[in-house]
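Asker:
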């Protein structure tokens, strides 16, 4: 972009050989032409580049809050008779990292993220946490450039099919395990992070879950929450519900 700081040499070329064309392609996918394309450029810029370039992190912060509001509004309208607890479970499923990473892949963000070559070599483009963060940053950029109505159109286009996949309120594995234990008068499940490894951009956490009278189960994940959910899911397979 004109007037932007020069990029460091260690930059992996995103998308095509024409970064400006890449942004136009993404604008087409989003259905919005940016008055300030520098916002979209920033939303795709990872902190590993350095060189005075501003990363996506502040836009991610903003996009996260905008997404939470819009999804809550969608659910409030779509399920007028559901209590708060059911709406909260739906909301959690729709704004979690796995969902955001899915939308990021649908938008083709992985190939457009501006990363250092070192981060690319370490698998940064396939990191679901990074994809989720950039997706939120793009929503933040949309909000600043076009306002809430623009973001609302994008969110409804990409999140409504996900919302309608299952018309019953989702119940995550941790909730199911907790209800199983409570239904049998057992203490609540205990989760413990027993290991953490990997680089900062792609960590791996190992979590153990214990329920009285059952063998300990362990699972790995890119975040503690993901590892907990996976451990709970594995435990559920061994329970006679």
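Residue numbers (my numbering): 11 to 251.
Yeah, the Cβ is synthetic: ideal placement off N, Cα and C, and Gly gets one too.
Values in this document were obtained by computation on a predicted structure and should not be read as measured data.
Does DSSP put residue 201 in a helix, a strand or coil?
Answerer: The sequence position of residue 201 within the chain shown is 191, counting from 1. Of the three classes helix, strand and coil, the one that applies to residue 201 here is strand, per DSSP.
Asker: Just to check my reading of the structure: residue 243 and residue 215 have Cβ atoms closer than 8 Å, yes? What is that Cβ distance to the nearest angstrom?
Answerer: For the purposes of this step, residue 243 is taken as residue 233 along the chain shown, with counting starting at 1. For the purposes of this step, residue 215 is taken as residue 205 along the chain shown, with counting starting at 1. That belief does not hold up - the Cβ atoms of residue 243 and residue 215 are roughly 15 Å apart, past 8 Å.
Asker: Distance check for residue 132 and residue 46, CA to CA, integer angstroms please.
Answerer: To locate residue 46, count along the chain shown from 1; it is residue 36. To locate residue 132, count along the chain shown from 1; it is residue 122. Using only the alpha carbons, I get a separation of about 31 Å.
Asker: From what residue to what residue does the alpha helix (DSSP H) around residue 113 run?
Answerer: For the purposes of this step, residue 113 is taken as residue 103 along the chain shown, with counting starting at 1. That run of the alpha helix (DSSP H) goes 107-117.
Asker: Using a Cβ-Cβ cut-off of 6 Å (strictly less than) and excluding sequence neighbours within five positions of residue 117, which residues of its own chain qualify?
Answerer: Stepping through the chain shown from its first residue, residue 117 is reached at position 107. For residue 117, same chain residues with a beta-carbon under 6 Å away, outside a window of 5 residues either side, are 39 in chain order.
Asker: Can you tell me whether residue 95 is helix, strand or coil according to DSSP?
Answerer: What you label residue 95 is simply residue 85 of the chain shown in a count that begins at 1. Helix at residue 95.
Asker: Rounded to whole angstroms, what is the Cα-Cα separation between residue 188 and residue 198?
Answerer: By 1-based counting over the chain shown, the position of residue 188 is 178. By 1-based counting over the chain shown, the position of residue 198 is 188. If you take the alpha carbons of residue 188 and residue 198, they lie about 6 Å apart.
Asker: Counting Cβ pairs closer than 8 Å, one from the segment 142-150 and one from the segment 64-73, do we hit at least three?
Answerer: yes
Asker: Below 8 Å on the Cβ atoms is my guess for residue 80 versus residue 161; work out the distance and round it to an integer in Å.
Answerer: Against the chain shown, residue 80 aligns to sequence position 70. Against the chain shown, residue 161 aligns to sequence position 151. About 6 Å separates the two Cβ atoms, so the contact holds.
Asker: Which residue from 34, 41, 33, 52 puts its Cα closest to that of residue 151?
Answerer: Translated into positions along the chain shown, residue 151 becomes position 141. Per the Cα distances, 52.
Asker: Beta-carbon within less than 8 Å of residue 167's beta-carbon, same chain only, minus the 5 sequence neighbours each way: which residues are those?
Answerer: On the chain shown, position 157 is the one that residue 167 refers to. Correct list, in chain order: 41.
Asker: When you compare the CB positions of residue 222 and residue 196, do they come within less than 8 Å of one another, or not?
Answerer: One-based indexing of the chain shown puts residue 222 at position 212. One-based indexing of the chain shown puts residue 196 at position 186. Cβ atoms of residue 222 and residue 196: closer than 8 Å.
Asker: In three-state DSSP terms, what is residue 71?
Answerer: The count along the chain shown starts at 1 and reaches residue 71 at position 61. It is helical.
Asker: Measure the C-alpha to C-alpha separation of residue 99 and residue 76 and round it to an integer number of angstroms.
Answerer: Stepping through the chain shown from its first residue, residue 99 is reached at position 89. Stepping through the chain shown from its first residue, residue 76 is reached at position 66. In a straight line, the C-alpha of residue 99 is about 18 Å away from that of residue 76.
Asker: Do residue 232 and residue 213 count as a contact pair if the criterion is CB distance below 8 Å?
Answerer: By 1-based counting over the chain shown, the position of residue 213 is 203. By 1-based counting over the chain shown, the position of residue 232 is 222. Yes. Within cutoff.
Asker: Going by other Cβ atoms of all chains shown within 10 Å of its Cβ, with 16 needed for buried, is residue 208 buried or exposed?
Answerer: Within the chain shown, the letter at position 198 stands for residue 208. Exposed, by the Cβ-count rule.
Asker: Could I get the ranges of all uninterrupted alpha helix (DSSP H) runs contained in the segment 179-247, with 4 residues as the minimum, in chain order?
Answerer: Complete alpha helix (DSSP H) runs here, min 4: 183-193, 234-247.
Asker: Hey, could you find the ends of the alpha helix (DSSP H) residue 138 is sitting in?
Answerer: Within the chain shown, residue 138 is the residue found at index 128, counting from 1. Looking at the DSSP string, the run of the alpha helix (DSSP H) that includes residue 138 is 138-156.
Asker: Just to confirm my understanding: we take residue 225, look at its own chain, exclude 5 residues before and 5 after, and list those with CB closer than 8 Å. What are they?
Answerer: By 1-based counting over the chain shown, the position of residue 225 is 215. Correct list, in chain order: 248.
Asker: Going by DSSP, name the residue or residues bridged to residue 65.
Answerer: As a first step, residue 65 is located in the chain shown; it is residue number 55 there, counting from the start. DSSP output for residue 65 lists no bridge partner at all.
Asker: Can the beta-carbon of residue 135 be found closer than 8 Å to that of residue 121?
Answerer: Here the question's residue 135 lines up with position 125 in the chain shown. Here the question's residue 121 lines up with position 111 in the chain shown. Yes, they are a contact pair.
Asker: Using DSSP with H/G/I as helix, E/B as strand and the rest coil, what is residue 46?
Answerer: Here residue 46 is taken as the residue at index 36 of the chain shown, counted from 1. Note: residue 46 maps to coil in three-state DSSP.
Asker: In three-state terms, what does DSSP make of residue 121?
Answerer: As a first step, residue 121 is located in the chain shown; it is residue number 111 there, counting from the start. Three-state DSSP puts residue 121 in coil, outside helix and strand.
Asker: Excluding the 5 residues flanking residue 165 on each side, which residues of the same chain have their C-beta closer than 8 Å to its C-beta?
Answerer: Taking the first residue of the chain shown as position 1, residue 165 is located at position 155. These residues qualify, in order along the chain: 77, 80, 81, 84, 149.
Asker: Give me whichever residues DSSP pairs with residue 102 in a beta bridge.
Answerer: Mapped onto the chain shown, residue 102 falls at position 92. Paired residues: none, contrary to the question.
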